[in-house]
Each structure stands twice: as structure tokens, then as C-alpha cells.
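Going from the sequence shown to this note's numbering is simple: count from 1 and add 239.
Ideal Cβ positions, reconstructed from N, Cα and C, are used throughout, including at glycine.
All remarks here apply to the structure that follows.
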Amino acid sequence: MTPLGHRRLILTRHAKSAWDDPLLDDHDRPLNDRGRRSARALGDWMASRGYEPEEVLCSSSARTQETWAVLAGAPLEVRPVMRIEPGLYQAGADRMMAILKTATMPTVMMLGHNPGISDLAALLPARLPMDPDFRRYPTAATLVVDFQVDAWDQIRPGEGSVMDFIRLDGRI
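Structure (C-alpha cells):
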């Protein structure tokens, strides 16, 4: 939970997806085994740090929804409001920011895709994480960034404070 006058964003790229069916539409690709392991590990990491989203803004793609479903199986105490947002699928940073500004709860998790998610992640903080893979924003990467505002429509680029950044892809 965030105090009054604070907003927390948990910005997550979907976990690793399967490419084994060449006839499957990109939107419908599920996670592969490594992706499911990463999503579980991400849920455990979030729970261990108390990163409890109260609202989830999730792309309509199968891989983002599955990422949420798997990580939500972690021992999270809060059961958030879930919003499937078709506009997050292949969205650029501007579209993602516009959708974020419609959020209503103080702690929001947004699940999306590259390159939009990496562009948004680089746009929000006053100082970027020192991680060499931050700009690449690999699958299952997650940035936690806080804002000193009363409402999501007040956030501005370059005003967020990085609380944490993790990348799990290839480490699970």
C-alpha cells in the first residue's frame, strides 16, 4: 500500500513466450516453460518485497495475461482490480502513459510489450537504474517506480523515483 500523495507503478514486460507454432498469431502466443518459471519467480520476488498491486492494467495478449495469472499465484495479500487493456498490445510509450493516467488505485501494475514498455520505463524516472540491460528491458523485467502525486493523471516524465528493478530472463 502506498501512503496518501504517493503512486507506485510496477511496470512489467511479459515473461518469455513460445514460438513453436509458426501459424499462431502473435497476439495468441502463450508463455513457454522458462516464461512460466520466470513469472512464478517474479510473483515470489514481488511478495517478498511487499509490492502488492491494487490494480492491474494488462495487455490483451495471451502472454501478458498468462504472466499475470502465474505471478498472481504467489502469496500476494492483495487481490487487485484487473483491467484487460487491448490498447496496451503493441502500444508505444505515449499510449501506455495515457492508459496509466486512467488508473484509479494508488499501486498499479502494468503488463505490456517491447519496445513501448522499455521506452516508458526510460521516460518515467528522474534517474535510470544502473543495470546494463535496463534499456533492453528483457522479458519478465520489472521496474518499480514511485511518484509524489495524488492522482495518476498528475505524473510527468522524469519525476519518478526508482525503488527497484529486476530482470529474471535467462536467470531462472
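| Item | Value |
| --- | --- |
| Arginine 302, buried or exposed, once every other Cβ within 10 Å from all chains shown has been counted against 16 | buried |
| For glutamate 305, three-class secondary structure by DSSP | helix |
| Three-state class that DSSP yields for serine 357 in the structure shown | helix |
| Backbone CA spacing between leucine 296 and methionine 369 [nearest angstrom] | 26 Å |
| Reduced DSSP category for aspartate 370 - H, G, I as helix; E, B as strand; rest coil | coil |
| Rounded separation between glutamine 304 and methionine 335 - CA only | 16 Å |
| Identity of the residues DSSP links to glutamate 324 by a beta bridge | Ser298 |
| Beta carbon of arginine 322 nearer than 8 Å to that of glutamate 291 | no |
| Bridge partner(s) assigned by DSSP for methionine 402 | None; methionine 402 has no bridge partner. |
| Opening and closing residue of the alpha helix (DSSP H) in which aspartate 283 lies | 272-288 |
| Identity of the residues DSSP links to arginine 375 by a beta bridge | DSSP output for arginine 375 lists no bridge partner at all. |
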